[in-house]
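Contents: one structure, followed by commentary.
Chains as they are written, first to last, in the working numbering: chain A, 32 to 538; chain B, 727 to 1239.
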């Protein structure tokens, strides 16, 4: 009897083994799904572009009606993404906040699932995520809700497919899946020229046939992606012009947006690469040598260029690093754990738990810091009535976060912003003022040209503590919401007294 | 015909191989030269001694005419360096800016070229530069334009020479070592710190090398002291200064930053671990770490650096760099033939990476001085606010001395605090130390206020909205971030010439004009 029981137990377990791969897939899919929802549950909102994309979709206005622009900017450079969000808003009627949450969760899930779909052992992707979340801000980057995550997803798929394909030469038909991927990335994200980096990486890895196919797909994808905007040539040319302006107009890099500033090089990358070499050697992994691996070369290119401009590292080098680690770990897992073993299931459970914990932990309030943000919105703060710009007014500020937050809360506001999401899109005069403000660490004197040309309907908005109103006595000031001062040209009401606190008297 | 063409092409390529080592040297030297020039192009200026050294060279004055000095000062402790800069100034008549640029570029190039020249594979130096520039302040240190860089260069040459020649050394080695250390001690001064590498050689059981280096150090200390013209004073003052620098401070918080303790450098330990793994995996025929003086110097520097940061930065870190470079050199030798094109590709990649890693302006490290504003007499806002003839600038902020002296090398006033608080008079040092330990409480400055004369000025850093709380003086917001105080003056109408400190807070608007 006992033997029979043991046999039946054993055969029962054996029967269950066939479900292990399925269970592993279910776990990794669910954990990728759960992560953004947990983070959104904290009340997380990204701090930058995702807000303005959502607000633009709700407003339905072109950028020229939202920002005071110079002559360079003619076409929306992220046309596809804004078009998609606008359609979503029309179809569902959801507000800006819901659109942001959709962007955050949708893009994260899409990137995670598409990469994992290219792996035989998807738990390797989770392990790689855990490692890089600990040493970089990968989690925050993937959860920014911006269309560059789509480019990252497309890049990861291409690198993983190369790995999966093995050493045999690729067929020319690969162009048919790479081209649509790249054209989608170009349509939604816009920066077609940056695909030169993976092309170069394949070339340096001496994967010439892949390199040729990728280059062809890049050219075709760029033409297709930009054709979808309706302005193929202008779209392509404008992207290049924007890139040149974004780095070329600044005298020093410290006035650029933070993601275009230099990174200084990431020591952990060098340590991780060393660790991979040790792992390969000790575990006897049959991985292609690093110098023949395009992911390695993309890491190297991204690292070097990142020293000059951080985004090369953040958006291209880091994802390539995730791929490199994931593929090596996949080899290790294949070597150590049979596909249908319960040990593999246990490993997947532990990795899923670790991934969930490391990504969703609210260390340093990284996901909940925006909960205390106060926005300039009459709907939320009726006391701001009269202090927001009037119809046709201009919102002057040298702080980009004020644009993001105010536009996000006032997508239908009938005013424009002197500074939007990229300072080099400002008019030359406005850019000069902005540059001077940053150069002089916010010295009030630097705002003078703006103060001189302000109209009654305009507002100047500056961040500062309650006890430190801006030293600009030409304007009257109101401590609008916590940490933000609103200035306008003085008004004298019928009673003859000033409606607000003049700057000099607050102390 | 086709075969002949192929053969010709092949021979042509083969002939090109012989030029690879030469091209590698050209690329390495070019990278070393271009890096400081690019950084200088940003408008970079170091923030400390390099400014004072250049200004002293232009002024032509001895320190007692520049600083209010206590009895501990007897002679210039960087005699050789100041003499050299003065000679350069007299030969070129360049201004302080140009002199600082010469200090920065020349020291960096000398240090890197000296290290590279000791290597069979100079690209290993570029690789080490990349590694060290991303996790340590080594690069900024050798771009600081101070004579300590020469000591670092000499130290590295000695360690590389040991690595290259191997035991046992001939006694003739004493000649070149003495010469090099004399040069370092003459220009930099701190001869006694050569005890550290001597100890490292003994700990590595390289006794013969240890004895030779000890002998060279003693000879060099005597020779360099003799070169100053005041051998005994020079030696005794260096020792006295070393004791006073640490001894007269009741807490380390009043020490200059580089003399304060540092957190133990964890990445250095990781790097050492990485070297051990590399040796094992790549089967490098390197000498064991326990027999390597560079390793022991790194260890000594690391431990002593926990107490005084300079031990790590000026001795431990260069020793670690030598260790890394030597292992990388062995690795490159095993992987790349000296004349292979792959080596050339590697060198080009390393040169590009080193250039980008070194010159990128992360955290505005090279441009943060671009916005600095200086106290200069050509600023009309400062008319009457700089010290009068024979006056003294009272300040507890060393950067005020560096920047003001740099811009006014010939000015006819002195500074109560210069490049080292130890040199202050006892009374002034007490005020300075009290001010530092009380987190800048103005009350601690009372002794200075009491002895200030009409020609003197008190200078401090504070924002426009926060003038110093010292009502005995009248204040002027001189340049951005700096307040200047002087004894109150009455103009012809009897009204104060400027805003009294206590009144400013009630009328902020007037300040914004």
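Glycine is no exception: its CB is placed at the ideal position from the N, C-alpha and C atoms.
Which word fits residue 1218 (chain B), buried or exposed, when buried means at least 16 other C-beta atoms lie within 10 angstroms of its C-beta? Because the pLDDT at residue 1218 (chain B) is just 44, under 50, the model does not fix this residue reliably, and the value given afterwards should be weighed accordingly. Its Cβ having fewer than 16 others within 10 Å, residue 1218 (chain B) is exposed.
Please report the residue range of the beta strand (DSSP E) in which residue 912 (chain B) lies. Careful: residue 912 (chain B) lies outside any beta strand (DSSP E), inside the alpha helix (DSSP H) at 899–914.
Burial state of residue 1154 (chain B), where buried means 16 or more other Cβ atoms lie within 10 Å: buried
Alpha carbon to alpha carbon, how far is residue 401 (chain A) from residue 438 (chain A)? Give it in angstroms, no decimals. 16 Å
Which full runs of the beta strand (DSSP E) of 3+ residues lie inside the segment 1064–1145 of chain B, going along the chain? 1117–1120 and 1139–1141
How about residue 507 (chain A): is its C-beta nearer than 8 Å to some C-beta of chain B? Chain B contact via Cβ: absent.
Residue 271 (chain A) in three-state terms, based on DSSP: It is helical.
Please classify residue 538 (chain A) as buried or exposed, where buried requires at least 16 neighbouring CB atoms within 10 angstroms. With a pLDDT of only 30 at residue 538 (chain A), under 50, the local geometry of the prediction cannot be trusted, and no value is derived from it.
Got a sec: is the Cβ-Cβ distance from residue 103 (chain A) to anything in chain B below 8 Å? no
Assuming contact is defined by CB atoms lying nearer than 8 Å, are residue 932 (chain B) and residue 871 (chain B) in contact in what I supplied? no
Specify, as a first and last residue, the run of the beta strand (DSSP E) that residue 315 (chain A) falls within. No beta strand (DSSP E) contains residue 315 (chain A), which DSSP labels as neither H nor E.
Range covered by the alpha helix (DSSP H) that runs through residue 164 (chain A): 154–166
Measuring alpha carbon to alpha carbon, tell me which of B:785, B:855 and B:1161 ends up nearest residue 976 (chain B). Checked all of B:785, B:855 and B:1161; the closest Cα to residue 976 (chain B) is B:1161.
With DSSP run on the structure shown, which of helix, strand or coil describes residue 972 (chain B)? helix
Taking residue 769 (chain B) as the reference, which of B:1122, B:1093, B:1203 and B:1168 has the closest Cα? B:1093
Residues of chain B with CB under 9 Å from residue 474 (chain A), in chain order? 1190 and 1206
Limits of the unbroken alpha helix (DSSP H) element including residue 938 (chain B): Under the DSSP assignment, residue 938 (chain B) falls in the alpha helix (DSSP H) whose first and last residues are 933–954.
Closer than 8 Å by beta-carbon distance: list the chain A residues that pair up with residue 1160 (chain B), in chain order. Those within 8 Å of residue 1160 (chain B) in chain A number zero; the least Cβ separation is about 29 Å.
Please return the same chain residues whose Cβ sits closer than 7 Å to the Cβ of residue 195 (chain A), not counting the five positions on each side in sequence. 149
Could you list which residues in chain A have their beta carbon closer than 7 Å to that of residue 993 (chain B), in chain order? 298
Mind checking whether residue 406 (chain A) and residue 374 (chain A) have CB atoms under 8 Å apart? no
Any chain A beta carbon closer than 8 Å to residue 758 (chain B): no
Buried or exposed by the 16-neighbour rule on C-beta atoms within 10 Å, applied to residue 313 (chain A): So residue 313 (chain A) counts as exposed.
Between which residues of its own chain and residue 249 (chain A) is the CB-CB distance below 7 Å, once the five residues before and five after are set aside? 213, 226 and 230
For my contact list, residue 754 (chain B) and residue 848 (chain B) are in at a C-beta cut-off of 8 Å; report their separation, rounded to the angstrom. 4 Å
Cβ of residue 989 (chain B) less than 8 Å from any chain A Cβ? no
Can the beta-carbon of residue 97 (chain A) be found closer than 8 Å to that of residue 266 (chain A)? no
Paired residues, beta bridge with residue 447 (chain A) - DSSP: A:425
Run of the alpha helix (DSSP H) containing residue 1158 (chain B), from where it starts to where it stops: 1152–1163
Please list the terminal residues of the continuous alpha helix (DSSP H) segment that includes residue 391 (chain A). 373–391
Rounded distance between the beta-carbons of residue 986 (chain B) and residue 1035 (chain B), thought under 8 Å: 6 Å
Please list the residues of the segment 332–353 of chain A that have a C-beta atom closer than 7 Å to any C-beta atom in chain B, keeping them in chain order. Cβ contacts with chain B: 335, 338 and 339.
Proximal residues of chain A, C-beta to C-beta of residue 1090 (chain B) below 8 Å: 283, 284 and 285
Simplified DSSP state of residue 1218 (chain B), which is helix, strand or coil: Confidence in residue 1218 (chain B) is poor, its pLDDT being 44 and thus under 50, which makes the residue's placement unreliable; the coordinate value appears in the next sentence. Three-state result, residue 1218 (chain B): coil.
Alpha helix (DSSP H) segment containing residue 1060 (chain B), residue limits: 1043–1061
Report the residue from B:997, B:1033 and B:1047 whose alpha carbon sits nearest the alpha carbon of residue 1019 (chain B). B:1047
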